[in-house]
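To start, the structure itself, in structure tokens.
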Ligand code: ADP
């Protein structure tokens, strides 16, 4: 078989274009070009492996820059190499890849080459003439498009050759004619040798031996000029045979000798080539395996790096999210810190405000307490003196009435002060009920008595209804019980005219020496409308009245309610407008079983036997006088010590004998507590009764620790006063 023409390499000198991007591109293109040139050189030298390797390298670089042209070029080279080692499958695959890239590059020259080369694979590799001719026709089509004589000649000659190889001389003929026209205009020496050789074969077949001899002779001339040893060997042989047929034995022999000579050369060349090719075949197989392994490795690597990229992305995204979260939590912490700092600040402010409010409340209640005490002391004098004067029978009726109104004013003021003091004390939760023995009948009479004047003014009468089952002698806080009743009776008289106000006390049984007592203050006055009944117990609340002559502060019922609660009861009200009111409460009071009513009469006057001598230790002149007169009116004798120290001295004086000491609190030189303590050092039996305007809770412990037996809170009511004195004289 005759070796046909293959397209190998077309070197294109690239021209640099001016910009940097293009320069970079061109630099790599130049490098790829150089690789292809190198691969071509290897191929020519039958160094198939090196050629394929280099061409593959070129493809790798061309891939990076999307260089379809050079990829097509490189695949063409690889195809040629595989063809050389008779690996037609790989050759066909490479050419097809080349065709694909040449199409992409829209390069007709390369398309012409590749189709031409693949046609040869079909022809000599697969012996598929039809497919082979089809591909040559394709090559020819592209060659004609380029309009290059040499490019066109190759497929034309190859088609002719294929037909002649197949002894299809008629089909070959038009292609030979066509080739001839091209050769005549611009054919190269090789093509000229080939076309003449093919015409020689054709004319031999046509039996035009003369013309055939001429064709062979021309072919020899061009073939020798182009050193085409391979094809020359065939030409010499066919020419020799023709000469022999024509009887030109001499020329035939010469030609045969030339044939042998050329064949030797070819064989020598082929020997080297075949050795190299055989070696290459093995190496290329190895290389292919390596390549496959490398490709597999690359795939694995790519997968790995893809995974790595994924991991990186995941790690990156996660880190970013964490950073965002961290940032948010920092911000939140910041705002939390800010919030807690703010809260701390607010708390501190609140604490400060609370402290200030408490301090203020303390100052307020201390102020009220101080003022009330200061008011109570002179009032004690006014009320006390008035009481004394009222007992004096030498006053006329008119004078007596003036004194009564003076007493009323004093009492009213005293009650008011007591209410204010009580309220401020209840507010500051300082109130603890005392537990002294008292006579309930005396207490009620005393209240009735103190309202005599006021009742008279409004033409009212105050009546006491004391149930006979009520134990007369009780234990409890008589001062506060009085305060409750004074407020209620005071109101009843105030809102009633020409009628009777009743103070009723009923026993609801005695349990465990505790009497359950129900107190009622009933009037037939103006009453309280239903809708106002709840609120009158609030501080400073008064029911609006048409008549504006009624005075009040709105404090009384508030104090009453709180005090009743302190006793463990609750104030109740039944009232109807214009019909009257009934204020009631039920409380438990201890029955004083030790104190019999007989021991003192209801009012506590001392009646029998030797007059008792009382030491009054008091610095206030008015008080001295009031106390002295009250005691003397009840048949006592008294002496006055001006201060605590004098009091102690009096007691030490063996010439003086006292049955009881009335001790004031605030005095110069030595106060009541100090004096009592000093007395107790040498006298432990004489009863000491403390007289104080100071609220007891604050000094109670001091009093009893100093050995004081009892106390009376100023301003006191004279009946209450007698009671305390009597029970201490009786040893209770
Ligand atoms: P005040 O000092 O004004 O009497 P209180 O708290 O004692 O204050 O009474 C509150 C109001 O309740 C009075 O102003 C009066 O309107 C009404 N009130 C209290 N007791 C009676 C009563 N017995 N009859 C009619 N109204 C009364």
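Numbering (the working numbering), first residue to last: 5 to 736. Backbone N, C-alpha and C define an ideal beta-carbon position, used for all residues, glycine too. It should be emphasised that the depicted structure is a prediction, and the values quoted were computed from it without experimental measurement.
{"Check": "Meets three-Cβ-pair contact criterion under 8 Å: the stretch 530–542 and the stretch 580–595", "Outcome": "yes"}
{"Check": "Whole-angstrom C-beta distance between residue 82 and residue 788, which should lie under 8 Å", "Outcome": "Nothing can be reported for residue 788: it is not among the residues displayed for the chain, which extend from 5 to 736."}
{"Check": "Pairwise C-alpha distance: residue 684 and residue 407", "Outcome": "42 Å"}
{"Check": "Straight-line Cα distance separating residue 303 from residue 313", "Outcome": "15 Å"}
{"Check": "Residue 160 versus residue 180: straight-line alpha-carbon distance, rounded", "Outcome": "8 Å"}
{"Check": "Cβ neighbours of residue 643 in the same chain (closer than 6 Å, five flanking residues each side left out)", "Outcome": "619"}
{"Check": "Neighbourhood of residue 601 by C-beta distance below 8 Å, restricted to the same chain and skipping five residues each side", "Outcome": "Its pLDDT being 49, under 50, residue 601 is placed unreliably in this model, and the coordinates cannot settle the point."}
{"Check": "Rounded Cβ spacing between residue 488 and residue 564 (contact assumed at less than 8 Å)", "Outcome": "5 Å"}
{"Check": "Selection from 501, 227, 33 and 208 that minimises the alpha carbon distance to residue 174", "Outcome": "208"}
{"Check": "Opposing strand residues paired with residue 480 [DSSP bridges]", "Outcome": "440"}
{"Check": "DSSP state of residue 522 mapped onto helix, strand, coil", "Outcome": "strand"}
{"Check": "Inter-residue spacing [alpha-carbon to alpha-carbon] between residue 329 and residue 339", "Outcome": "15 Å"}
{"Check": "Contact belief for residue 246 with residue 216 at Cβ below 8 Å, rounded distance in angstroms", "Outcome": "6 Å"}
{"Check": "Expected contact under 8 Å - CB spacing of residue 473 and residue 500 to nearest Å", "Outcome": "Not really, about 28 Å apart at Cβ, beyond 8 Å."}
{"Check": "Contact between the stretch 139–146 and the stretch 109–121 (3+ Cβ pairs under 8 Å)", "Outcome": "yes"}
{"Check": "Within 9 Å, strictly: CB atoms of residue 590 and residue 522", "Outcome": "yes"}
{"Check": "Nonlocal neighbours in the same chain, by C-beta distance under 8 Å from residue 655, ignoring five residues either side", "Outcome": "619, 662, 665, 683, 686, 687 and 690"}
{"Check": "Nearest residue (CA-CA) to residue 250, options 263, 266, 238 and 214", "Outcome": "214"}
{"Check": "Of the listed residues 672, 258, 76 and 692, nearest to residue 617 (C-alpha basis)", "Outcome": "692"}
{"Check": "Terminal residues of the alpha helix (DSSP H) in which residue 804 lies", "Outcome": "Residue numbering for the chain in the displayed model covers 5 to 736; residue 804 lies beyond these limits and cannot be assessed."}
{"Check": "Pairwise C-alpha distance: residue 695 and residue 504", "Outcome": "36 Å"}
{"Check": "Residue 714, DSSP secondary structure in three states", "Outcome": "strand"}
{"Check": "Alpha-carbon spacing of residue 357 relative to residue 426, whole angstroms", "Outcome": "26 Å"}
{"Check": "Heavy atom of ligand 1 within 8 Å of residue 496 beta-carbon", "Outcome": "yes"}
{"Check": "Contact the stretch 62–73 vs the stretch 92–99: 3+ CB pairs below 8 Å", "Outcome": "no"}
{"Check": "Chain-order list of residues whose beta-carbon lies under 8 Å from that of residue 439 (same chain, five-residue window excluded)", "Outcome": "479, 480, 481 and 594"}
{"Check": "Beta-carbon proximity of residue 470 to residue 492, cut-off 9 Å", "Outcome": "no"}
{"Check": "Segment limits, alpha helix (DSSP H) that includes residue 631", "Outcome": "625–637"}
{"Check": "Nearest-angstrom Cα separation, counted from residue 571 out to residue 370", "Outcome": "25 Å"}
{"Check": "Residue 147 versus residue 156 - alpha carbon distance", "Outcome": "5 Å"}
{"Check": "Cα-Cα separation between residue 706 and residue 461, rounded to whole angstroms", "Outcome": "45 Å"}
{"Check": "Expected contact under 8 Å - CB spacing of residue 105 and residue 86 to nearest Å", "Outcome": "Rounded, the Cβ-Cβ distance is 17 Å, inconsistent with contact."}
{"Check": "Residue 57 classed as buried or exposed, judged by whether at least 16 other C-beta atoms fall within 10 angstroms", "Outcome": "buried"}
{"Check": "Residues near residue 712 by beta carbon distance below 6 Å, same chain, minus five either side", "Outcome": "680, 692 and 694"}
{"Check": "Alpha helix (DSSP H) segment containing residue 241, residue limits", "Outcome": "233–249"}
{"Check": "Proximity test, residue 540 beta-carbon vs ligand 1 heavy atom, cut-off 8 Å", "Outcome": "yes"}
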